[in-house]
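Everything in the sequence shown is counted per the working numbering, starting at 23 for the first residue and increasing by one.
First comes the structure, then the notes that go with it.
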Amino acid sequence: MQYAAHRDVKRYNTFMSYRIARLVSTLYHSLYFPPMVIAGAILIATGVTWHAANQSLQRDKQAAINDRVSTTERTIEDTLNSYEEILQGGVGLLQGSDEVTAGDWANFLTAYSIKTNYPSAQTIGFMKVVPASQVDAFTAYMRSQPGFADYTVHPLSSSAAEYAPLMYAQAVAITSPINFGLDGYSSETRRQAMFTARDTGHTTLTGSLTLQPLGDTKTYSGFSLFVPYYITGPQQTVTARRQNVGGYVYASFRADKFFGHTTATLSRQAAAYQVRTEDTIQAKPLYSTDNYNALDAKRGNITVSHALHLYGRDWHIDYIFQPSELLSSVQLHRPTSVLIGGIFSAVLIGLIVLLLLKARAHELTVQKERAVELAKDELLSLASHQLRTPATGVKQYLGMILQGFAGHVSREQMTLLGKAYASNDRQLQIINEILHLAKIESGRIVLARTETDLNALVQDILTELQPDITAAKHHFETIIPKRPMILTIDAHTLRMAIENVISNAIKYTHRGGSVTIKLYKTPTHAFIRVRDTGVGIQPQDLDKLFKQFSRLPNEMSLAVGGTGIGLYLAKHLVELHGGTITVKSAPGKGSTFTIVLPLDAPL
Ligand code: ADP
């Protein structure tokens, strides 16, 4: 069983490979193969170009994105740097003077025109480091300053060793009262940044802060920038820095205001963006443009995250770019245009090649057919010429015997010789028909027109056919005008056509039937009408009648014999004269053939 199954599979595989091989071979030899190869090559080239265009598009996109990201980050850095410069100025002020009053602080900031030049900050101020033991003395000092009668360090805690109360501050972008005396260390986020600033000696950014201005119920995200101030100038070690830290000059920012002021520049770079600080990666971002979530969900937009290192902290910025803003639509659609153009060209060129090949193949077929036709015609013509000469010879000799040139001929001999003569005559007629057919087929018939009396021509034909008419015992009627009907025709060829139609009427009519021939004319045309009461023609056979070699089956066709060439020739010869030949027939009742010839024959 297993063996049989294996053999079946093998047989199937052989069958399939044979079929595939045949399919490939058929395709290879078909007209479709070259266009398919050309179209395939164009499609491959299109694919390669499309791939390259796509890669170049990606590179252009990336370059545009990199450019925008770096512009954004430079803007943020430059803004924060400019604030740090002020804060460093504040440190310089503290270091240059033994005692800085609130008034001095205000004057210093006014000199920088902070409200005009640095509008993004909420407050810019100084937090002094005060050991717990000196809080009272410090409070007393502050209360002695004008405007600070209610000054308190807060919140106080029994465990705190030192505080960093807000000593001086200038409001930049807020109208609410400043929370003087607030201990900077009391907020974990602030304290971390302050300690880092203190221990490193470097300006430090806080994490994300939740700000609640005094008297406001709303909270805002924000951050602060701290610059450490050492009482005896810059310090070398962490221990020295901790011992000598005198306080912190700071600027605090509300994120929406900070980014709002820089938005004019930033929003030109990205469609939307958000900023996360390390501590808010999972939580609320520090800042987010209003359209961020809407654009994030939109398909086709590009999201890019980049970390920006700023004053000891990383800000993660998530950008959303809209491709249409990054690149022109021509650039964006180049790969698609390449693809569509390529496919279109492949199809078009493939089709053109196919059409050219088909036209060429058709031309070759026509040429071949023409050559075969020509060869056939020549063969026919040659053969019939060769047949005609001996047949004509036979006719002459038989004629001579019949006329008594060879002595007396008995009555029986006369009858037999008469039949031989008629057969030979018929044979010559067929040879003539075939010769004419060959001439028509090869377009070699040239009419030799002369002025001819159609009446006389028809009469002559009837005289020639008289033996047949007599033999058939038909009732024969001719209606032919007395006056000559002159037409410029090739009498020899037209005679053949008319004779064929009349001879058919005699042949296909039962013995004793009637045949009527009528000749008449109108001012423009001559008519030859041949009516018989013969076997008639079936309606479905009428269109075959004038075709080459078509003999229609009827009760007489076997008995009378024929080639099926006569009417085909007659139609062509009449048409060569600019005329027509038509037929009306009723099976069993008879047929009427009408030949119409123009009186003004074309020359
Ligand atoms: P054939 O040599 O067979 O007569 P023709 O081309 O002259 O060839 O005629 C074609 C066929 O048309 C004939 O075989 C015959 O069946 C039919 N046909 C022609 N004339 C007549 C007619 N007057 N009556 C009936 N059938 C005819």
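Ideal placement from N, C-alpha and C gives every residue a C-beta, glycine not left out.
Checklist entry - Should L401 go down as buried or exposed, given a rule of 16 or more other Cβ atoms within 10 Å for buried? => result L401 comes out exposed.
Checklist entry - Helix, strand or coil for Q227 per DSSP? => result Sequence check: residue 227 is Leu here, not Gln. Residue state, collapsed to three classes: strand.
Next on the checklist: Is it the case that the segment 264-281 contacts the segment 122-129, given that we only count it when at least three CB pairs across the two stretches are under 8 Å?
Outcome noted: With fewer than three CB-CB distances shorter than 8 Å, the segment 122-129 does not count as touching the segment 264-281.
Checklist entry - Which class does S536 belong to by DSSP, given the choice of helix, strand or coil? => result For S536, the three-state secondary structure derived from DSSP is strand.
Checklist entry - The beta strand (DSSP E) with M149 in it runs from where to where? => result Secondary structure note for M149: its beta strand (DSSP E) is the uninterrupted segment A143 to K150.
Item to check | Buried or exposed (CB count within 10 angstroms, at least 16 for buried), S142 | outcome: Residue burial is scored here from C-beta neighbours: S142 has at least 16 other C-beta atoms within 10 angstroms and is therefore classed as buried.
Item to check | Best match in V480, Y333 and H599 for proximity to T510 [C-alpha to C-alpha] | outcome: Nearest option by C-alpha distance: H599.
Item to check | Neighbour-count burial assignment, D512, 16 or more Cβ in a 10 Å radius | outcome: By the Cβ-count criterion, D512 is buried, with 16 or more other Cβ atoms from all chains shown falling within 10 Å of its own Cβ.
Checklist entry - Starting from S166 and walking both ways along the alpha helix (DSSP H), at which residues does that stretch end? => result Per DSSP, S166 belongs to the alpha helix (DSSP H) from V157 to S166.
Checklist entry - Quick one: what's got a C-beta closer than 8 Å to L621's C-beta in the same chain, skipping five residues either side? => result Excluding sequence neighbours, L621 sits near L509, K543, P545, T546, H547 and A548.
Checklist entry - Is H328 near Y341, with beta carbons less than 9 Å apart? => result Result yes, Cβ atoms of H328 and Y341 sit closer than 9 Å.
Item to check | Host alpha helix (DSSP H) of L178 (start-end) | outcome: Note, L178: premise wrong, no alpha helix (DSSP H); not H, not E.
Checklist entry - Distance, Cα to Cα, P153 vs V122? => result Distance between the alpha carbons of P153 and V122: 19 Å.
Next on the checklist: Looking at the ligand ADP, does it come within less than 8 Å of Y54, judged from the CB to the closest heavy atom?
Outcome noted: It does not: the Cβ of Y54 is nowhere closer than 8 Å to a heavy atom of the ligand ADP.
Item to check | Bounding residues of the alpha helix (DSSP H) (the contiguous stretch that carries I587) | outcome: First-last for I587: undefined, no H or E at that position.
Checklist entry - From L233 to A182, what distance separates their C-alpha atoms? => result Spanning the two alpha carbons is a distance of roughly 23 Å.
Next on the checklist: Please state whether the Cβ-Cβ distance between I452 and T585 is less than 9 Å.
Outcome noted: In contact: I452 and T585 (Cβ atoms closer than 9 Å).
Checklist entry - Looking only at C-alpha atoms, which of P412, T531, S464 and I136 sits nearest to N446? => result Of the listed residues, the one whose Cα sits closest to N446 is P412.
Item to check | Given K150 as reference, the closest of T218, G206 and R553 once Cα atoms are compared | outcome: For K150, the nearest C-alpha among the options comes from G206.
Next on the checklist: Looking only at its chain, what residues have a beta carbon closer than 7 Å to the beta carbon of Y40, apart from the 5 residues adjacent to it on each side?
Outcome noted: Excluding positions up to five away in sequence, the list is empty.
Item to check | Run of the beta strand (DSSP E) containing A273, from where it starts to where it stops | outcome: For A273, the uninterrupted beta strand (DSSP E) run begins and ends at V267 to R276, by DSSP.
Item to check | DSSP-derived helix/strand/coil call for T68 | outcome: Here T68 sits in helix by DSSP.
Checklist entry - What first and last residue would you give for the beta strand (DSSP E) that runs through P187? => result That residue, P187, is in no beta strand (DSSP E); it is neither H nor E in DSSP.
Checklist entry - Which ranges would you report for the beta strand (DSSP E) in the segment 520-565 if only whole runs of at least 3 residues count? => result Runs of the beta strand (DSSP E) lying entirely within the segment 520-565, each at least 3 residues long, are 536-543 and 547-554 in chain order.
Checklist entry - Would T36 be called buried (16 or more neighbouring beta carbons within 10 Å of its own) or exposed? => result The residue in question, T36, is exposed, as its Cβ has fewer than 16 Cβ neighbours within 10 Å.
Next on the checklist: Could you tell me which whole beta strand (DSSP E) segments of length 3 or greater appear in the segment 325-401?
Outcome noted: As far as the segment 325-401 is concerned, its whole beta strand (DSSP E) runs of at least 3 residues are 335-343.
Next on the checklist: Does the contact criterion of 3 or more C-beta pairs under 8 Å hold for the segment 534-543 versus the segment 552-562?
Outcome noted: The segment 534-543 and the segment 552-562 touch, with no fewer than 3 CB-CB distances between them shorter than 8 Å.
Next on the checklist: In this structure, how does DSSP classify A608 when only helix, strand and coil are distinguished?
Outcome noted: Note: A608 maps to strand in three-state DSSP.
Next on the checklist: Measuring only the C-alpha atoms, how far is L79 from F343?
Outcome noted: So the two alpha carbons sit approximately 15 Å from each other.
Item to check | Sequence-distant residues of its chain with Cβ nearer than 6 Å to H594 (five each side left out) | outcome: I462.
Next on the checklist: Buried or exposed for A428, going by 16 or more other Cβ atoms inside 10 Å?
Outcome noted: Flag for A428 reads exposed.
Next on the checklist: For H458, report the span of its alpha helix (DSSP H) as first-last.
Outcome noted: H458 -> alpha helix (DSSP H) spans R433 to E463.
Item to check | Assigned secondary structure, I303 (DSSP; H/G/I helix, E/B strand, else coil) | outcome: Low per-residue confidence applies at I303: pLDDT is 48, beneath 50, and the placement is therefore not dependable, though the value from the model is reported in the following sentence. Of the three classes helix, strand and coil, the one that applies to I303 here is coil, per DSSP.
Checklist entry - Tell me, which residues are paired with V249 by DSSP? => result Looking at the DSSP output, V249 shares a beta bridge with V271.
Item to check | Neighbourhood of R252 by C-beta, 7 Å cutoff - its chain only, sequence neighbours within 5 removed | outcome: Before going further, note that residue 252 is Tyr rather than Arg in the sequence given. Around Y252: R263, N266, V267 and G268.
Next on the checklist: Counting beta carbon pairs with one atom in the segment 92-100 and one in the segment 241-259, are three or more of them shorter than 8 Å?
Outcome noted: No: fewer than three Cβ pairs fall under 8 Å.
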